Each structure stands twice: as C-alpha cells, then as structure tokens.
Amino acid sequence: GAVVSQHPSWVICKSGTSVKIECRSLDFQATTMFWYRQFPKQSLMLMATSNEGSKATYEQGVEKDKFLINHASLTLSTLTVTSAHPEDSSFYICSAYTRTGGGQPQHFGDGTRLSIL
Amino acid sequence: QQQVKQSPQSLIVQKGGISIINCAYENTAFDYFPWYQQFPGKGPALLIAIRPDVSEKKEGRFTISFNKSAKQFSLHIMDSQPGDSATYFCAASISGSRLTFGEGTQLTVNP
C-alpha cells in the first residue's frame, strides 16, 4: 500500500531554534499535502494545505511566518517551525492526497513529536 | 457547517463485545466518510470508509452504518479485542481531500 514517510519522528531542541520536518510520499505522487497539529488527547487540527509548486493555504489562526511550508515536488513537502518556543511543542502529522481512482485518497505519516525546551 | 461531532469521548468494552461510536455532520456536500484508528505516538491509519450512495459497509469486524437523511454515521466493532484499544476518529470530506475530523473516542477493551 501507499506509504508516507515523515522525518524526524522525534526532535528536541532549544527555544529559539528552527526545526524542519519532512513528509515524503514514497510510492505515489501527491497532488496535495496537508499538515496537522495534534495536542495530547485532542483531535487533529488542520494547519495548512499545500499544493506542489504553489503557496500553502493556512487555516485561520495559524501563523504563516512561524510555520513555513514548502512543497517543491509531488513527493516532498516540508514544514519548518521557525524560532520555536515551548508552546509550539506538539505532535505534527502530514498526509498526502492523491486523486487516483479507487482506493484510499489520503495517506498519513507517522507524525513528528516536537519538544521545545 | 464544517463541524463533525463525535461521541462518546471514551468507551470501555469487554472483550468480545460490540463497540459503537457515532458521528454527525452538517455539511451536505461531504461525500467521503472515513474512520481512522490511532495508537499513541503514531499517525492515524484508515480503518474503513464509506460514500453516501450506500447505507452500510462491512470489512471484517468493522462496519460503518450511514444515515444520509439524519446526517449521521457510526462505526461498529464486532467481537472487540484488547488490541483494538486505541483512539478512533471519524472524519468527513469532499472527494477525500480536506478532512474534517471528529473529536475522537478513546476505546478501551478489557480482557
């Protein structure tokens, strides 16, 4: 089945640093990738939608200058948390969407646990 | 219009019992209704999904019941096992793209 690889799976860094998270679709081309944030015992909250080669669309309340999204190819999207602070600590999950006929349209990565000290 | 309401928030079931989780949506444009299973520290994994042209879909021990007129759908897990203990999310979308998730249900199956 389709696989989405997310890297790193866990990162700990100091406050003020920037962290990049990669999301790759390994065996299919994703027309769209989504980035979610999930706090403990809560649901997934959509942060932004990115289409290959165009600017990401951010959900209301998500700072686009804090969460930089790049979708350079049909198999790779990156999320960079700039000048991260403890309140940015969360579980970040990506998903890759493909419009191919039949089958599951959206595939999730295994998430990245970000801890800011 | 974009909300998906899920209940219960938590559910405890004995091994071999039936687990039932319910969801309700508002946007009648939604045409894809998946259920996801999530274990701690992992991303959500698709369990089963339904489109509104059918009222029920069964895959193994998992069944979705869909009521278009009531704008409700539910997940039934038959013969629940301790390994089914996880968080379950319903979701809804248009054409399988931008997903709107329910709040989640923490399922515990006691041995």
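So the sequence lines, in the order shown, correspond to chains A and B.
Residue 61 in the numbering used here sits at position 25 of the first sequence, and the numbers go up by one each step.
Residue 409 in the numbering used here sits at position 39 of the second sequence, and the numbers go up by one each step.
Glycine included, every Cβ here is placed at the ideal spot set by N, Cα and C.
For clarity, every value in this text was computed on a predicted model and none was experimentally measured.
Where residue 131 (chain A) is concerned, the enclosing beta strand (DSSP E) starts and stops at 126-133. Between the C-alpha atoms of residue 466 (chain B) and residue 39 (chain A) there is a straight-line separation of about 17 Å. Apart from sequence neighbours up to five positions away, the residues of its chain that approach residue 472 (chain B) with a beta-carbon distance below 8 Å are 374, 375, 376, 393, 459, 460 and 461, ordered along the chain. Restricting attention to A:74, A:68, A:51 and A:54, the CA atom closest to the CA of residue 146 (chain A) is found in A:74. Here residue 423 (chain B) is exposed, its C-beta having fewer than 16 other C-beta atoms within 10 Å. With fewer than 16 other beta carbons inside 10 angstroms of its own, residue 440 (chain B) counts as exposed.
Residue 129 (chain A) reaches chain B at 413, counting residues in chain order whose Cβ is nearer than 7 Å.
Neighbours of residue 377 (chain B) in chain A, taken as residues whose beta carbon is under 8 Å from its own, are absent, since the nearest beta carbon is some 13 Å off.
The beta carbons of residue 450 (chain B) and residue 390 (chain B) sit about 10 Å from each other, so the pair does not count as a contact at 8 Å. Residue range 112-117 is occupied by the beta strand (DSSP E) that includes residue 115 (chain A). Annotated three-state conformation of residue 123 (chain A) is helix, per DSSP. Any Cβ of chain A closer than 7 Å to the Cβ of residue 474 (chain B) would place that residue at the interface, and such an atom is present. Taking the beta carbon of residue 468 (chain B) as reference, the chain A residues within 8 Å of it are 70, 82 and 85, listed in sequence order.
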